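Worksheet for the structure shown next.
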Amino acid sequence: MTVLAVAEHRRGDLRDVSFELVTAGRELAADLETDLAVAVIAGDVEGFAEALNREGVDTIYTVANGEEFNHGVYAGAIKELCAELDPTALLLPNSVNGLDYAPAVAGALELPLVTDVIDIESGEPVEVVREQYGGKVETAYEVDSERYALTLRATEWPPAESPGDATIEAFDVDVDEDALGTTVKGFEEVASGDVDITDADVLVSVGRGIGEEENIPLVEELADALDATLSSSRPIVDNGWLPQNRQVGQSGKVVTPDVYVAVGISGAVQHVAGMKGADTIVAINSDPNAPIYDIADYGIVDDLFEVVPQVIEAFGGQAP
Ligand code: FAD
């Protein structure tokens, strides 16, 4: 009996969700009075294993095969690891990659799979929580099986930080290269010159309160003055005022910046689902009852067209 978590990396960096899986895994392993194993597959597995050596991890299995994510390699390696370790719980990231291989692994191992899990209550049976109806309802599911696979939503568990003393073991997997259905040939940036809002430390996010497309330069200037990246709520993208890769939320991106400045954003559940993991949330909204104030650490209840130029100037910029 063990808990097995599978780390995720992209282009040479471990993704934050890997450390969140460690936290979730060690809580579950402690409740079940069992071990936590972490698997890291492909890329700089030795370097990744060192970074993943956090408190509560008993063993880290490294599977050296290729540089980047590959469905066949991941699915094959995890199946072999499960055959060896027979884990009670298989914890995977609820990411594009995780959702690519999780069903294949769960299907092959005949494990019940619950995706997009935001909480786990160990017990017999284990209970897991998901959000439904765009985050308006939380539903608890009993997983009536001794063994199960879960994909965990990013930002729901704090990342594991304290160093640990795990054993690091190389795990050899036989991969038939000819049988791989897909091969990663390289990467292309989504749009030349554009940015990945999930990497930003500071985000200025603009919502419908901005009124018109011609006012977007005002928040661009605010982002410049704060050395921040510009993101938005969905209506801004639906209107075609910013590209889709700037959208934060349930149908956009999940972001975890140090500071998130919400300008003219009401704080609908679908938006909050994408930014509630920010360390500090600042809201500028003229409506004191806007739901964004339920989660904001700081708020300025005023007309953004009055406030934003003053903030720009206070930070040495010049309002357009
Ligand atoms: P609004 O809700 O219209 O809020 C505008 C705010 O600006 C108001 O609170 C108002 O008080 C304030 N304001 C207006 N004028 C000023 C001013 N002059 N100064 C200061 N404040 C002002 N939304 C997302 O953002 N991301 C998603 O990924 C997403 N996915 C969705 C998925 C589904 C299935 C569904 C059904 C919806 C989704 N939505 C998403 C839409 C979501 O429900 C909201 O409609 C949306 O987030 C609202 O965007 P907003 O806050 O910019 O606009």
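Numbering (the UniProt record's numbering), first residue to last: 1 to 320. In this text, a Cβ means the ideal position worked out from N, Cα and C, and glycines have one as well. All figures in this text were calculated on a predicted structure; none of them were measured in a lab.
Is asparagine 285 near ligand 1 - that is, is its Cβ less than 7 Å away from at least one heavy atom of it? As a working note, residue 285 is residue 285 in the sequence shown. Checking every heavy atom of ligand 1 against the Cβ of asparagine 285, one is found closer than 7 Å.
Pairs of beta-carbons, one from the stretch 91-100 and one from the stretch 16-30, closer than 8 Å: are there three or more? yes
With distance defined between alpha-carbon atoms, name the residue in Val259, Asp44, Tyr141, Ser145 nearest to threonine 198. Counting from one through the sequence shown, the residue named residue 198 turns up at place 198. Nearest C-alpha to threonine 198: Val259.
For ligand 1, is there a heavy atom less than 7 Å away from the beta-carbon of serine 18? Stepping through the sequence shown from its first residue, residue 18 is reached at position 18. False, no ligand heavy atom lies under 7 Å from that Cβ.
Can you tell me whether alanine 108 is buried or exposed? The criterion is at least 16 other CB atoms within 10 Å of its CB, across all chains shown. For this step, residue 108 is matched to residue 108 along the sequence shown. Under this definition alanine 108 is an exposed residue.
Who are the Cβ neighbours of arginine 54 in its own chain at under 6 Å, not counting the five residues just before and after it? For the purposes of this step, residue 54 is taken as the residue at position 54 of the sequence shown. Same-chain partners within the cutoff: Val22, Ala160, Gly164.
Does the Cβ-Cβ distance between glutamate 142 and glutamate 127 come in under 8 Å? Numbered from its first residue, the sequence shown carries residue 142 at position 142. Numbered from its first residue, the sequence shown carries residue 127 at position 127. Taking 8 Å as the Cβ cut-off, glutamate 142 and glutamate 127 qualify as a contacting pair.
How would you label phenylalanine 187, buried or exposed, when you count the other beta carbons within 10 angstroms and need 16 or more for buried? The residue you call residue 187 lines up with position 187 of the sequence shown. Per the 10 Å Cβ criterion, exposed.
Arginine 208, DSSP secondary structure in three states: Within the sequence shown, residue 208 is the residue found at index 208, counting from 1. Correct three-state label for arginine 208: helix.
DSSP bridge partner residues for tyrosine 298 (one or two, in chain order): By one-based count along the sequence shown, residue 298 stands at place 298. DSSP, once it has assigned bridges, lists Val282 as partnering tyrosine 298.
Looking at ligand 1, does it come within less than 7 Å of glutamine 250, judged from the CB to the closest heavy atom? Locating residue 250 in the sequence shown gives position 250, where the first residue counts as 1. Glutamine 250 Cβ: within cutoff of ligand 1.
Hey, could you find the ends of the beta strand (DSSP E) serine 162 is sitting in? Taking the first residue of the sequence shown as 1, we reach residue 162 at position 162. Note, serine 162: premise wrong, no beta strand (DSSP E); not H, not E.
Spatial neighbours of aspartate 303 within its chain, please: CB distance less than 6 Å, with the 5 preceding and 5 following residues excluded, ordered by chain position. As a working mapping, residue 303 is identified with position 303 in the sequence shown. Around aspartate 303: Ser286.
Helix, strand or coil at glutamine 318 according to DSSP, with G and I counted as helix: Here residue 318 refers to the residue found at position 318 of the sequence shown. For glutamine 318, the secondary structure class from DSSP, reduced to helix, strand or coil, is coil.
In three-state terms, what does DSSP make of glutamate 142? Residue 142 sits at position 142 when you count from the first residue of the sequence shown. Residue state, collapsed to three classes: strand.
Identify, in the order they occur along the chain, each residue of the same chain with its Cβ nearer than 7 Å to the Cβ of glutamate 313, setting aside the five sequence neighbours on each side. Along the sequence shown, read from residue 1 onward, the residue named residue 313 stands at position 313. Here the set comprises Ala319.
Buried or exposed for residue 335, please, with buried defined as at least 16 other CB atoms from any protein chain shown within 10 angstroms of its CB. Since the displayed the chain opens at 1 and closes at 320, residue 335 lies outside it and no answer follows.
Measuring only from the beta carbon, is isoleucine 265 closer than 7 Å to any heavy atom that is part of ligand 1? Stepping through the sequence shown from its first residue, residue 265 is reached at position 265. Answer for isoleucine 265: yes, Cβ within range of ligand 1.
Could you name the residues that DSSP lists as bridge partners for arginine 54? Numbered from its first residue, the sequence shown carries residue 54 at position 54. Pro163, per the DSSP bridge assignment.
Once you ignore the five residues that flank aspartate 119 on each side, which residues in its own chain have a CB closer than 6 Å to its CB? Locating residue 119 in the sequence shown gives position 119, counting from the first residue. Correct list, in chain order: Val129.
Of all the options Ala154, Val117, Tyr148, which has the alpha carbon lying nearest to the alpha carbon of glutamate 138? As a working note, residue 138 is residue 138 in the sequence shown. Closest by alpha carbon: Val117.
Looking at C-alpha atoms only, which residue of Glu169, Val206, Glu131 is the closest neighbour of valine 237? Indexing the sequence shown from 1 puts residue 237 at position 237. Nearest C-alpha to valine 237: Val206.
Option in Ala290, Val73, Ala273, Ala102 with minimal Cα separation from aspartate 176: Counting from one through the sequence shown, the residue named residue 176 turns up at place 176. Answer by Cα proximity: Val73.
Cutting at 6 Å between CB atoms, please list the residues of its own chain near alanine 223, excluding the five before and the five after it. Sequence index remark: in the sequence shown, residue 223 carries index 223 (1-based). Same-chain partners within the cutoff: Val204, Leu230.
DSSP state of threonine 23, grouped into three classes? Taking the first residue of the sequence shown as position 1, residue 23 is located at position 23. If DSSP states are grouped into helix, strand and coil, threonine 23 belongs with the helices.
Taking the beta carbon of glutamate 67 as the centre, do at least 16 other beta carbons fall within 10 Å, making it buried, or is it exposed? As a working note, residue 67 is residue 67 in the sequence shown. Under this definition glutamate 67 is an exposed residue.
Tyrosine 148 vs alanine 89 beta-carbon contact at 8 Å: Position 148 of the sequence shown holds residue 148. Position 89 of the sequence shown holds residue 89. Result yes, Cβ atoms of tyrosine 148 and alanine 89 sit closer than 8 Å.
Taking 8 Å as the limit between beta carbons, can you name the residues of its chain near alanine 102, skipping five residues before and five after? Here residue 102 refers to the residue found at position 102 of the sequence shown. Excluding sequence neighbours, alanine 102 sits near Leu92, Leu113, Thr115, Ala149, Thr151.
Are the Cβ atoms of proline 158 and aspartate 201 separated by less than 8 Å? The residue labelled residue 158 in the question sits at position 158 within the sequence shown. The residue labelled residue 201 in the question sits at position 201 within the sequence shown. No, the Cβ-Cβ distance between proline 158 and aspartate 201 is not below 8 Å.
Mark serine 192 as exposed unless 16 or more other C-beta atoms lie within 10 angstroms of its C-beta, in which case mark it buried. Working through the sequence shown from its first residue, we reach residue 192 at position 192. Low per-residue confidence applies at serine 192: pLDDT is 42, beneath 50, and the placement is therefore not dependable enough to give any value.
What would DSSP say about glutamate 84, mapped onto helix, strand or coil? Position 84 of the sequence shown holds residue 84. Of the three classes helix, strand and coil, the one that applies to glutamate 84 here is helix, per DSSP.
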